[in-house]
Amino acid sequence: MSRSAADATRFTATGPYAHSKPGAAPYKLPGFMANAQSQGSGNGGRQETPKEKVERLRAQARAARMAQSTSRVDTMIDFGRRFANKAHKTMVYTLIAASG
């Protein structure tokens with residue numbers, strides 16, 4: 001059973017829906033939301049990149065862990081893990097450079 005052209009294009013958007021109306025004012029956040037958002041950027045109004053956010057959150061988590069674990073053994077284990085991580089990273093990059 002064949003369909004007409006009108007049936008085939010019934011659900012296809014034909015208008016300029018991807019464009020906004022000219023002269024329309026941009027959406028403005030309510031006052032309480034705008035204030036909360038502006039307080040979140042404490043870097044002098046500069047937006048934080050995702051990489052900076054990850055580094056900041058990791059530093060906060062590390063500081064919280066260090067504050068929670070005051071044992072000398074925990075401190076030594078943390079130092080050993082960081083040293084082993086750096087040594088492993090150096091070895092990997094050395095092997096990649098030597099094989100390339």
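Using full-length UniProt numbering, read the sequence shown as starting at 1 and increasing by one per residue.
Ideal Cβ positions, reconstructed from N, Cα and C, are used throughout, including at glycine.
Remember, predicted model here, so these are calculated numbers, not experimental data.
Residue Arg62 holds the alpha-carbon nearest to the alpha-carbon of Arg82 among Arg62, Gln47 and Gly100.
In the three-state reduction of the DSSP assignment, Gly31 falls in the helix class. Taking the Cα positions, Gln68 is about 43 Å away from Ser99. Annotated three-state conformation of Glu48 is coil, per DSSP. When the Cα atoms are used, Glu55 and Arg65 turn out to be separated by approximately 15 Å. Cα atoms of Pro50 and Pro30: separation of roughly 25 Å, rounded to the nearest angstrom.
In the structure shown, Ser99 adopts helical secondary structure according to DSSP, grouped into three states.
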